[in-house]
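Colleague: Mind looking over this structure? Questions follow.
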């Protein structure tokens with residue numbers, strides 16, 4: 012167990028008990044809020060950072076969960092204060108909430124630093140909110156616990172069980188192919204997402220909340236509890252109960268978010284067949300914790316990890332509720348303990364070993380034994396080559412396997428709007444052997460690296476039964492997506508990466524087994540094209556967008572802001 016020292020005094024006491032005019036003012040204003048001295052003086056002040064909003068369906072229940080957290084804090088002898096923070100809705104925020112992940116992380120860090128709080132409970136779960144909150148908490152380095160929003164209930168339609176996102180893509184293509192009418196599509200709208208909570212597939216949300224759990228930042232089993240299950244409210248109350256002794260013990264994110272913890276998170280993401288987005292987010296989160304995690308770590312660990320979670324989209328028929336009742340993440344981790352660092356602390360236990368001591372799997376079909384894996388190795392591969400000198404990623408486990416090695420001529424689209432407008436035009440002459448290429452969709456070019464990477468297949472090919480093609484971009488794709496989609500090509504085209512040099516008709520070779528992606532064009536020709544290339548105009552002239560464009564890093568280093576990613580301490584505010 013990490014040795015922690017008993018704090019000599021609470022951080023919040025600098026505001027309330029230091030003496031003088033300011034402390035008098037702080038106490039008076041707390042009375043203005045309606046609180047008695049006995050309710051807060053001398054007690055740990057717990058910030059509850061809540062990403063609830065009326066337009067975020069993944070988080071629509073978090074207002075109630077905040078009350079459960081408060082209940083736990085009060086029971087443990089603490090003083091809870093709820094703070095509203097930015098809500099990052101994957102569904103509604105455009106061009107992408109990825110543009111604002113770092114903004115929420117900065118808000119989290121500065122809110123915790125600037126107010127009289129001793130620790131925090133972080134409420135989130137929709138894709139970018141998990142890394143944003145944990146990045147900010149790591150930078151602030153006050154005791155913290157993360158409360159995942161939890162997956163929504165399974166979808167249903169005409170006797171079929173639906174997975175949000177995954178079946179949206181599937182049935183939209185069926186609609187485009189003429190096999191599904193408008194009436195059926197309307198029924199699907201009402202059956203796809205039936206409750207509060209994030210996507211119930213092993214998409215980005217479930218992948219990252221699982222990562223938060225194995226990192227040691229949640230209560231045990233928290234990441235898979237369905238959002239509307241009563242167990243979810245109990246978990247939130249338990250987090251409130253736990254944060255107070257955590258503050259008294261002085262256990263901080265810097266004690267928990269170690270190199271070993273991040274290696275275990277990579278192992279878990281790969282074994283779950285999780286989202287490619289986790290690659291970017293884990294690298295960024297690790298950077299905030301002072302851990303140098305790279306694409307090479309993912310590629311090094313991947314061959315050692317079998318995929319055991321038979322959950323859509325990478326696996327079979329099962330969804331997150333099935334995964335939860337099969338044993339959840341503790342059950343899953345119990346099957347790969349030899350691959351984990353078990354003697355590191357979590358927010359709930361002295362060691363991960365202790366936390367997993369009673370974990371069990373209750374359904375071998377959902378969480379498979381090592382003798383019967385979904386795949387022999389992790390479901391995400393890192394590619395290198397002259398088209399992606401700084402790397403690219405592919406979730407090959409969720410693609411048609413005949414495309415794992417493929418050479419085909421490129422069809423290039425310079426932006427997503429043009430792609431949408433022209434992809435179904437037969438005049439382009441696209442066949443199933445072509446390689447669809449989208450550029451201008453990276454961190455700066457997107458802007459914000461939108462989830463455009465699951466490029467649509469031409470309608471006339473869908474009508475012929477084609478359901479997968481090799482697709483390459485500097486974009487991301489939803490964790491609920493699938494297909495032979497090469498993503499996060501770095502450097503991106505907007506800054507002059509090789510993707511900017513590709514022309515329609517160029518041959519591109521993908522070889523997943525060899526971990527390679529190459530543009531089959533002579534280097535002299537590429538140099539000639541590079542000399543002719545001119546940078547596109549910047550998308551923002553002012554405001555946050557301009558700040559973002561100036562400081563954002565590339566996908567292979569986590570898309571963080573350089574001034575946030577670098578190490579260094581900021582002074583505590585003077586409260587007197």
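Numbering (this note's numbering), first residue to last: 12 to 587. From the three backbone atoms N, C-alpha and C, an ideal C-beta is built for every residue, glycine too.
If you compare alpha carbons, which of 473, 391, 302 is closest to residue 283?
Modeller: Per the Cα distances, 391.
Colleague: Which runs of the beta strand (DSSP E) spanning at least 3 residues fall entirely within the stretch 409–434, listed in chain order?
Modeller: Counting whole runs of 3 or more residues, the stretch 409–434 contains the beta strand (DSSP E) stretches 416–424.
Colleague: Run the CB neighbour count on residue 544, radius 10 Å, all protein chains shown included, and call it buried at 16 or more, exposed below.
Modeller: Exposed is the call here.
Colleague: When burial is assigned at 16 or more other CB atoms within 10 Å of the CB, is residue 194 buried or exposed?
Modeller: Result: exposed.
Colleague: Of the residues 69, 64, 121, which one's Cα is nearest the Cα of residue 10?
Modeller: Since the first residue of the chain shown is 12 and the last is 587, residue 10 is not available in this structure.
Colleague: Tell me whether residue 225 sits in a helix, a strand or coil according to DSSP, three-state version.
Modeller: In the structure shown, residue 225 sits in a helix (DSSP, three-state: H, G or I).
Colleague: Can you check whether the CB of residue 445 is closer than 9 Å to the CB of residue 422?
Modeller: Yes, they are a contact pair.
Colleague: Grab the span of the alpha helix (DSSP H) containing residue 186 for me, first residue to last.
Modeller: Unbroken alpha helix (DSSP H) run through residue 186: 177–187.
Colleague: To the nearest whole angstrom, what separates the beta carbons of residue 165 and residue 330, a pair I think is in contact under 8 Å?
Modeller: Contact flag correct, Cβ pair sits at about 5 Å.
Colleague: Closest by CA to residue 415, which one among 556, 383, 528?
Modeller: Nearest option by C-alpha distance: 528.
Colleague: Measure the alpha-carbon distance for residue 377 versus residue 366 and round it to whole angstroms.
Modeller: Taking the straight line joining both Cα atoms gives about 22 Å.
Colleague: Could you tell me whether the stretch 124–134 touches the stretch 229–239, where touching means 3 or more Cβ pairs closer than 8 Å?
Modeller: No, they do not touch.
Colleague: Out of 209, 74, 311, 475, state which residue places its alpha-carbon closest to the alpha-carbon of residue 95.
Modeller: Measuring from the Cα of residue 95, the nearest candidate turns out to be 74.
Colleague: Which residues bound the beta strand (DSSP E) around residue 168?
Modeller: Per DSSP, residue 168 belongs to the beta strand (DSSP E) from 166–168.
Colleague: Quick check on the burial criterion: 16 or more other C-beta atoms within 10 angstroms. Buried or exposed for residue 571?
Modeller: With 16 or more Cβ atoms within 10 Å of its Cβ, residue 571 is classed as buried.
Colleague: Inspect the beta-carbon positions of residue 351 and residue 344 and report whether they are closer than 9 Å.
Modeller: Cβ atoms of residue 351 and residue 344: closer than 9 Å.
Colleague: By the three-class DSSP mapping on this structure, what secondary structure does residue 311 have?
Modeller: The answer is helix: DSSP assigns residue 311 an H, G or I state.
Colleague: Using a Cβ distance threshold of 8 Å, determine whether the stretch 462–474 contacts the stretch 434–450, with at least three qualifying pairs required.
Modeller: Flag = yes, the stretch 462–474 and the stretch 434–450 touch.
Colleague: List the DSSP bridge partners of residue 322.
Modeller: Bridge partners of residue 322: 329.
Colleague: Between the beta-carbon of residue 317 and the beta-carbon of residue 388, is there less than 9 Å?
Modeller: A contact, by the Cβ cut-off of 9 Å.
Colleague: Cβ atoms of residue 259 and residue 83: under 9 Å apart, would you say?
Modeller: Against a cut-off of 9 Å, the Cβ pair of residue 259 and residue 83 comes out as no contact.
Colleague: Rounded to the nearest angstrom, how far is the Cβ of residue 456 from that of residue 106, given a contact under 8 Å?
Modeller: Actually they do not touch by this definition, with Cβ atoms about 11 Å apart.
Colleague: List, from N- to C-terminal side, the beta strand (DSSP E) runs of 3 residues or more that fit wholly inside the stretch 433–469.
Modeller: 446–449, all fully within the stretch 433–469.
Colleague: What does DSSP give as the partner residue(s) for residue 527 in the beta ladder?
Modeller: In the DSSP output, where bridge partners are listed per residue, residue 527 has 395, 522.
Colleague: If you follow the alpha helix (DSSP H) that residue 56 is part of, which residue opens it and which one closes it?
Modeller: Counting along the chain, residue 56 falls outside any alpha helix (DSSP H), though it belongs to the beta strand (DSSP E) covering 56–61.
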